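Trainee: The opening residue of the sequence shown carries number 23 in the working numbering; numbering runs sequentially from there.
Where a beta carbon is used, it is the ideal one built from N, C-alpha and C, also for glycine.
As the structure is a computational prediction, the values presented were derived from the model and not from experiment.
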Amino acid sequence: VSDLLQTFRDREALLEGHFQLSSGRHSDKYLQCARVLMDPILASRLGAQIADALGARLREAPTAVVAPALGGVVIGHETARGFACASLFTERDGAAMALRRGFTLSAADRVVVVEDVVTTGKSTREVMAVVEERGARVLGVGALVDRSGGAAGFAVPFAALLAMDVPTFEAATCPMCRAGSTAVKPGSRPRT
Ligand SMILES: [Zn+2]
Numbered sequence: 023v024s025d026l027l028q029t030f031r032d033r034e035a036l037l038e039g040h041f042q043l044s045s046g047r048h049s050d051k052y053l054q055c056a057r058v059l060m061d062p063i064l065a066s067r068l069g070a071q072i073a074d075a076l077g078a079r080l081r082e083a084p085t086a087v088v089a090p091a092l093g094g095v096v097i098g099h100e101t102a103r104g105f106a107c108a109s110l111f112t113e114r115d116g117a118a119m120a121l122r123r124g125f126t127l128s129a130a131d132r133v134v135v136v137e138d139v140v141t142t143g144k145s146t147r148e149v150m151a152v153v154e155e156r157g158a159r160v161l162g163v164g165a166l167v168d169r170s171g172g173a174a175g176f177a178v179p180f181a182a183l184l185a186m187d188v189p190t191f192e193a194a195t196c197p198m199c200r201a202g203s204t205a206v207k208p209g210s211r212p213r214t
């Protein structure tokens, strides 16, 4: 779905500058997925596309989508709509990822984990661990964007609508930092 990149441009969701990603790594490009997902019709369509792409690689239908808050909540919900299954999210309870708000999973559940953007796959793996702690099975992982360069390496099928091969850097080796600029966290920066 190469026109998704154009959609990000059209929605002013592809930012260029010097950014600190939620993974802590630095990059000169940032996808502000919320600018795309703020359109409910488009969000619903993208969720359906993730469900189709990932569902084609699964032998069983999921009973639930679980997504990490905040970034995964909207696309997780819309992917769950595509699968016609439940939509749950995890959130940070201190440092640990947790299921709260009365959400439950049992050994009978088959789960798809959904993210907006996969960079290192760390938060995805934290969600997978929460699911597995409850005895549920993770069938696969879905995302809008794969920024991992194929390095996320999940043990289950992984489908992303857009692979974006943009280099990211550890802060210590970031060429933009070395040139004297300071990375900003675009996710929390007010739009002006
Ligand atoms: Zn930097």
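Is C107 close to ligand 1? I mean its beta-carbon at under 7 Å from any heavy atom of the ligand.
Mentor: Here the question's residue 107 lines up with position 85 in the sequence shown. No, ligand 1 has no heavy atom inside 7 Å of this Cβ.
Trainee: With a threshold of 8 Å on Cβ separation, who are the neighbours of A193 within its own chain once the five nearest residues in sequence on each side are excluded?
Mentor: Walking along the sequence shown from the start, residue 193 turns up at place 171. Excluding sequence neighbours, A193 sits near Q42, G46, R47, H48, C199 and A205.
Trainee: What residues in its chain sit with their C-beta under 6 Å from that of V103, if we drop five residues either side in the sequence?
Mentor: Here residue 103 refers to the residue found at position 81 of the sequence shown. The question names Val, but residue 103 is Arg in the sequence shown. Only G69 meet the Cβ criterion.
Trainee: So what does DSSP say about E38, is it helix, strand or coil?
Mentor: Taking the sequence shown and counting its residues from 1, one reaches residue 38 at position 16. Strand at E38.
Trainee: Hey, would you say the C-beta of A194 is under 7 Å away from at least one heavy atom of ligand 1?
Mentor: In the sequence shown, counting from the first residue as 1, residue 194 sits at position 172. Because no heavy atom of ligand 1 lies under 7 Å away, the Cβ of A194 does not count as near it: no.
Trainee: Among the residues of its own chain, which have a CB less than 7 Å from the CB of V58, if the five just before and after it don't count?
Mentor: Residue mapping note: residue 58 aligns to position 36 of the sequence shown, counting from 1. Taken in chain order, the residues that qualify are T29, F30, R33, A35 and L64.
Trainee: Taking the alpha helix (DSSP H) that E155 belongs to, which residues open and close that run?
Mentor: Taking the first residue of the sequence shown as position 1, residue 155 is located at position 133. Note, E155: alpha helix (DSSP H), K144 to E155.
Trainee: Between the beta-carbon of L76 and the beta-carbon of P179, is there less than 8 Å?
Mentor: For the purposes of this step, residue 76 is identified with residue 54 of the sequence shown, where counting begins at 1. For the purposes of this step, residue 179 is identified with residue 157 of the sequence shown, where counting begins at 1. Contact: yes.
Trainee: Classify F176 as helix, strand or coil using the three-state DSSP reduction.
Mentor: For the purposes of this step, residue 176 is identified with residue 154 of the sequence shown, where counting begins at 1. Here F176 sits in coil by DSSP.
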